[in-house]
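Student: Residue numbers (our numbering), protein chains in the order written: chain A, 1 to 342; chain B, 343 to 382. Shown below is the structure under consideration.
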Amino acid sequence: MARLFAQARFIIGALVFVLALAVALPASAQRNSDGSVNPTASSVKEQQLLGTLQRGGSINGRVSIPDQKSANLIHPGGRDWRHFHEVTLRWIGGIAVLGMLIVLVAFYLIRGQVKLESGYSGRRIVRFNAFERAVHWMTATCFIILAITGLNITFGKPLLLPLIGEGAFADWAQWAKYAHNYLSFPFAVGVFCIFLIWIAGNIPNKVDVEWVKRGGGIVGHDHPPAYRFNAGQKMIYWVVVIGGTLVAASGYLLMFPFYVTDIQGMQLAQTVHAIIAVLFVAAMLAHIYIGTIGMEGAFEAMGEGTVDHNFAREHHALWLEQEMARTGPNESQRQPMATPAE
Amino acid sequence: MKSFLLACMAAVIIATAAGFALSTVQKPADAAYSTTGVRL
Numbered sequence: 001m002a003r004l005f006a007q008a009r010f011i012i013g014a015l016v017f018v019l020a021l022a023v024a025l026p027a028s029a030q031r032n033s034d035g036s037v038n039p040t041a042s043s044v045k046e047q048q049l050l051g052t053l054q055r056g057g058s059i060n061g062r063v064s065i066p067d068q069k070s071a072n073l074i075h076p077g078g079r080d081w082r083h084f085h086e087v088t089l090r091w092i093g094g095i096a097v098l099g100m101l102i103v104l105v106a107f108y109l110i111r112g113q114v115k116l117e118s119g120y121s122g123r124r125i126v127r128f129n130a131f132e133r134a135v136h137w138m139t140a141t142c143f144i145i146l147a148i149t150g151l152n153i154t155f156g157k158p159l160l161l162p163l164i165g166e167g168a169f170a171d172w173a174q175w176a177k178y179a180h181n182y183l184s185f186p187f188a189v190g191v192f193c194i195f196l197i198w199i200a201g202n203i204p205n206k207v208d209v210e211w212v213k214r215g216g217g218i219v220g221h222d223h224p225p226a227y228r229f230n231a232g233q234k235m236i237y238w239v240v241v242i243g244g245t246l247v248a249a250s251g252y253l254l255m256f257p258f259y260v261t262d263i264q265g266m267q268l269a270q271t272v273h274a275i276i277a278v279l280f281v282a283a284m285l286a287h288i289y290i291g292t293i294g295m296e297g298a299f300e301a302m303g304e305g306t307v308d309h310n311f312a313r314e315h316h317a318l319w320l321e322q323e324m325a326r327t328g329p330n331e332s333q334r335q336p337m338a339t340p341a342e
Numbered sequence: 343m344k345s346f347l348l349a350c351m352a353a354v355i356i357a358t359a360a361g362f363a364l365s366t367v368q369k370p371a372d373a374a375y376s377t378t379g380v381r382l
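So this is what it looks like as structure tokens:
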């Protein structure tokens, strides 16, 4: 009996010793060799951080709220993205938009307005019907608002906020973001309609090569023939169709966060969206220039839907021939004479 | 001018419809990424 008690005492003693050792080990790990407490002993190790940086991954903690993405403590890739949208994008956007403005002002000062060399004949021909103009203006109006509100996201904080103060900037930025989100839908509808209604006239052909070789009538005073859309207009068309599709697709990835892609995918979408958008703005500045003050008689085409015969002859001679053959030589004379939009 | 005004009207109508559609499928960030409980 005494032997049995001795064995039981030994087993219990051994268990207590093991338990005490297990409890003491973590505590000893928190201490330095000299016995002082090391408060960072259980924190993230440098090697772990370096490994995460190399893999492009992230370090996660633990949270109790439903959205487990908030457990992400460090995502080193986010620093590259932050540098892009806080520094690199501003340089790209500034150079693209200001650069284009400088080029256009210089071009206007050197070349001046592209004049209607043979003057107004008084005979008009329909260039764009009401539906085409409505689609153009819906897309254009939305684009201008999207461009202003989009540029506000990139340049508002450094340029506008110091001028109008935090309160006004916060209100403006909030409403600008609503406008940016909601007007993207009519813009996308407009881009799709533009693709459908003008695709037939915007397929590149040999006439475009000759048009480009001869400077398109923009450089110099030559008037290379063109069908309904010349090579310059075709470039704008494809910028709108391809650029518009890319900004819309990347924008909707951002508007529906985490629906389709993860954080890396959204950072990529934002990068694509921003770069295409600032280049798009630069291209549209050129389009607006040549469609208004850059070329005499051009605005009338989209403003009232008709152009003067001499305008059509100088800039779209092949198209005018087609229209004359289709409608007859006297058809166009029935159009009312318009006042030049200058 | 008529085409321009029609275009603006169409843009507003489509944008408003999109706004209503978005509000049915999305929640504001303060609702989507939090709980109703208070944490101290």
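Idealized CB from N, CA, C, for every residue including glycine. Predicted model, so just to flag it, every value in this text is computed and none were measured.
#1: Specify, as a first and last residue, the run of the beta strand (DSSP E) that A/V126 falls within.
#2: Figure out for me which residue from A/E300, A/M324, A/F311 has the closest Cα to the Cα of A/N129.
#3: Please identify, using Cβ separations under 7 Å, the residues of the stretch 182-193 of chain A that lie next to chain B, in order along the chain.
#4: Output yes or no for whether 8 Å exceeds the beta carbon distance between B/A360 and A/F185.
#5: List the residues of chain B that A/D262 touches, going by C-beta distances under 8 Å, in chain order.
#6: Keeping to the same chain, check which residues put their C-beta closer than 8 Å to that of A/V348; ignore five residues upstream and five downstream.
#7: Taking C-beta pairs closer than 7 Å, name the residues in chain A that B/S376 reaches, listed in chain order.
#8: Give the C-beta separation of A/S58 and A/I74 to the nearest angstrom, bearing in mind that I take them to be a contact with Cβ-Cβ under 8 Å.
#9: Bridge partners of A/I74, per DSSP?
#10: Taking A/S70 as the query, report the chain B residues whose CB atoms sit under 8 Å from its CB, ordered along the chain.
#11: Taking the CB atoms as reference points, tell me whether A/A176 and A/A248 lie closer together than 8 Å.
#12: Rounded to a whole number of angstroms, what is the C-alpha to C-alpha distance between A/D80 and A/W91?
#13: Could you give the first and the last residue of the continuous beta strand (DSSP E) run that contains A/T306?
#14: Hey, A/H316 and A/A226 are a contact pair by Cβ (cut 8 Å); roughly how many whole angstroms apart?
#15: Identify every run of the beta strand (DSSP E) within the stretch 183-235 of chain A, keeping only runs that are complete inside it and at least 3 residues long; order them along the chain.
#16: Please name the residue or residues paired with A/V114 in a DSSP beta bridge.
#17: In angstroms, rounded to a whole number, what distance separates the CA positions of A/G78 and A/R127?
#18: To which residues of the same chain is A/D208 closer than 6 Å at the C-beta, ignoring the five residues directly before and after it?
#19: Would you report the Cα separation of A/I242 and A/F192, rounded to the nearest angstrom?
#20: Going along chain A, which residues have a C-beta under 7 Å from B/S345?
#21: B/M343 by DSSP, collapsed to three states: which one?
#22: What residues from chain B crowd round A/T141, counting only those whose CB sits closer than 7 Å?
#23: Does B/P370 come out as helix, strand or coil in the three-state DSSP assignment?
#24: For B/T377, which three-state DSSP category applies?
#25: Pair every Cβ in the stretch 162-169 of chain A with every Cβ in the stretch 193-213 of chain A, then say whether three or more of these pairs are closer than 8 Å.
#26: Taking the alpha helix (DSSP H) that A/I68 falls in, what are its first and last residues?
#27: When you compare only the Cα positions, how much space is there between B/S376 and B/C350?
#28: Taking 6 Å as the limit between beta carbons, can you name the residues of its chain near A/R313, skipping five residues before and five after?
#29: Is it true that the CB of A/H287 sits closer than 8 Å to the CB of A/I218?
#30: For A/E342, does the count of other Cβ atoms within 10 angstroms reach 16, so buried, or fall short, so exposed?
Tutor: Walking through what the data contain:
#1: 124-126
#2: A/E300
#3: Y182, L183, F185, P186, V189
#4: yes
#5: What A/D262 touches in chain B: nothing, since even the nearest Cβ is about 15 Å away.
#6: Given that chain A is displayed from residue 1 to residue 342, the structure contains no residue 348 of chain A and the question cannot be resolved.
#7: I65
#8: 6 Å
#9: A/I59
#10: Y375
#11: no
#12: 15 Å
#13: 306-308
#14: 5 Å
#15: none
#16: A/M295
#17: 50 Å
#18: A231
#19: 10 Å
#20: A130, R133, A134, W137
#21: coil
#22: A349, C350, A353
#23: coil
#24: coil
#25: no
#26: Reading off the sequence, residue 68 of chain A comes out as Gln, not Ile. Counting along the chain, A/Q68 falls outside any alpha helix (DSSP H), and DSSP gives it neither H nor E.
#27: 38 Å
#28: L320
#29: no
#30: Only weak support exists for where A/E342 lies, its pLDDT of 37 falling under 50; the value from the coordinates is given anyway. So A/E342 ends up on the exposed side.
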